[in-house]
Ligand SMILES: [Zn+2]
């Protein structure tokens, strides 16, 4: 083949492959290759297209800024398009970016605003007169998906901007991220529930924010970080990126503190290295720093190249990936009996951390990624969570690799495993399975739950092995003489553990509920439940419908909770724990700004539906009445308020707008 034909064939191939990868990434939240591999292919295609511009196909992935819109969501047009940022892959490229700016602007000194490059889902929030009216994904940069109800559930997103002289209309650009710890818990929960797991925190954030049922989003502890604006009508716009950030923070967006004004490229490099060194300690994933010319007018002057502003660059960190071999695949049994495969790796140093295991989650994941025992694979880690296998390097296969299949008997107790229809998980159905009990115990004693200091997995393992402990309540019946029989225990250490057990007896009700290990109930839901049911036995035989009235509780959670508390075995265990002196401490109201106040909501409100307003009031300790009476403290009235407004005036009850209501309690 002539060189030109080869180029053409390669261009076609790359276009198809990248479109396929995009589809897996954006539509299915299940990437097939690492970001680095993707970038490499994309750059190759860009180079070919630059050489032969007429060959570029209409569906070329180089022409897209983001993902196409999912059909299930209403479409929403951004007032000002959301652009993408060009990358700098190393110090030389960063330096070249600076030199080009110096030359074209004709300035000798340029200040930069350097900030974190959050690895999440880009969003555009529109505020009218300070009120959040729309939250949308970036989509293709021009049209996104309307995810407003989901955005409202994110706790650090202000529903109403604080301060005076707000723009009439302002678009806030930012990133929705899932903290690494929440990601890990979510995947564990997905595993246990037999549902699809997420490849990384970014995919989990995207998957969580694009839920058709916003109560699922609410349960996911997402965060949003704002870093730019789009449309801006009325009020004066700051002249520098650094001032713009301060403005965003003063309006109520979370000030994470990770940004710096850098005088020139040397200081940018220092910021980059500082952040790289702290990357593992952050509780969310980042993949670089974004460097913007601080003066917005200079940035504007530089213009755009293929829908990317030339006044900023994403200075990327090298991916935390490494190639290694899978020596074996082992099976773990989780606390609800789910069998989970784990890859045992040839230990490899991935950017400063030695990695020996990687999560494989379930059989479906193994089959989808076509992983065999003995394969060479690309592994990737994020924060300190267990690493993931990104992809298999099939070129390195020798023919000696073996297929892995989850066993049909439980490796812990030998029971025949079962697969529930519609779930990907395979479970051990034995309620007294030692592995399940052990996992349940580890969960029970953990931090943020019963918090029993000094009771690590090894001690628990021994206690289970010798038959002293099967259920959490057994822990509180332990005597010094029991512990002295265990390896490594002396009188002093035994007494120390007994003291720790004694000290754990007054947990917060929410911590106690969390410790029970009810499926789908993590820290946040446990706290919502405890708020409503500080006396735990009140939950015995609770009806699903009553649970649905609780903030953040949706159908799936209600079913799981009701089922858990209807089981005699669980009731018995909880009663036993209580009789042994465990005294859960009643949940205190976390935000009671509106405590005791009675509101009635009427008319058409802008930006929030009436049920949303009611929910908002109740979440802050207020009550919502259905009709106006002498007991009503405030009437919240929107457009076309009818008889209720007349009644309120008649009784001299204060009438307030939605804005005034939101101002009564922040956040
Ligand atoms: Zn078992």
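Numbering (our numbering), first residue to last: 5 to 671.
Even glycine gets a Cβ: it sits at the ideal position worked out from N, Cα and C.
For residue 479, the enclosing alpha helix (DSSP H) has its first and last residue at 476 to 479.
In the three-state DSSP reduction, residue 535 falls in the helix class (H, G or I). Taking a cut-off of 8 Å for Cβ pairs, the stretch 630 to 642 and the stretch 91 to 105 do not touch, as fewer than three such pairs fall below it.
Excluding sequence positions up to five before and after residue 604, its CB lies within less than 8 Å of the CB of 628, 629, 630, 631, 632, 636, 638, 639, 640, 648 and 652, all in the same chain and listed in chain order.
For ligand 1, no non-hydrogen atom lies closer than 7 Å to the CB of residue 422. In this structure, the C-beta of residue 468 stays at least 7 Å away from each heavy atom of ligand 1. DSSP places residue 138 in the strand class (E or B) of the three-state scheme. Residue 56 is classed as exposed because its beta carbon has fewer than 16 other beta carbons within 10 Å across all chains shown. If you check the C-beta of residue 429 against ligand 1, you find no heavy atom less than 7 Å away.
Within the same chain, 218, 221 and 222 come within 6 Å of residue 157 by CB-CB distance, once the 5 residues on both sides are set aside.
A distance criterion of 7 Å places the beta-carbon of residue 440 in contact range of ligand 1, judged by its closest non-hydrogen atom. Closest by C-alpha distance to residue 120, out of 37, 317 and 47, is 317. DSSP places residue 35 in the coil class of the three-state scheme, outside both helix and strand. Under DSSP, residue 668 forms no beta bridge with any residue. Within the DSSP secondary-structure output, residue 393 pairs in a beta bridge with 383.
For residue 342, the distance from the CB to the nearest heavy atom of ligand 1 is not below 7 Å. Contact between residue 315 and residue 195 does not hold, since the beta-carbon distance rounds to 44 Å and is not under 8 Å.
Along the length of the stretch 65 to 136, whole alpha helix (DSSP H) runs at least 4 residues long occupy 95 to 109, reported in chain order. With fewer than 16 other Cβ atoms inside 10 Å of its own Cβ, residue 47 counts as exposed. Secondary structure note for residue 620: its alpha helix (DSSP H) is the uninterrupted segment 614 to 623. Ranked by Cα distance from residue 23, the options 6, 10, 43 and 8 are led by 43. In the three-state reduction of the DSSP assignment, residue 269 falls in the helix class, which pools H, G and I. For residue 349, no alpha helix (DSSP H) segment is defined; the enclosing uninterrupted segment is the beta strand (DSSP E) at 343 to 354. Remark: C-beta atoms of residue 319 and residue 92 approach each other more closely than 8 Å. Cα atoms of residue 515 and residue 474: separation of roughly 21 Å, rounded to the nearest angstrom.
The three-state secondary structure of residue 260, taken from DSSP, is coil.
Taken atom to atom, the span from the alpha-carbon of residue 26 to that of residue 241 is near 36 Å. When the beta-carbon positions are compared, residue 169 and residue 239 come within less than 8 Å of each other.
In this structure, the straight-line span from the alpha carbon of residue 171 to that of residue 50 is close to 39 Å.
Contact annotation: residue 143 and residue 151 have beta-carbon atoms that are not nearer than 8 Å.
In the DSSP annotation of this structure, the continuous segment of the alpha helix (DSSP H) that includes residue 502 starts and ends at 495 to 507. Taking every protein chain shown into account, the CB of residue 178 has 16 or more other CB atoms within 10 angstroms, so this residue is buried. Scanning its chain for C-beta atoms nearer than 8 Å, with the 5 sequence neighbours on each side dropped, one finds around residue 214 the residues 74, 77, 125, 141, 149, 151 and 154, in chain order. In the three-state reduction of the DSSP assignment, residue 6 falls in the coil class.
Cβ-Cβ distances below 7 Å link residue 185 to 287 in the same chain, with the five nearest sequence neighbours on each side left out; the list follows chain order. Straight-line measurement puts the Cα of residue 424 at about 48 Å from the Cα of residue 276.
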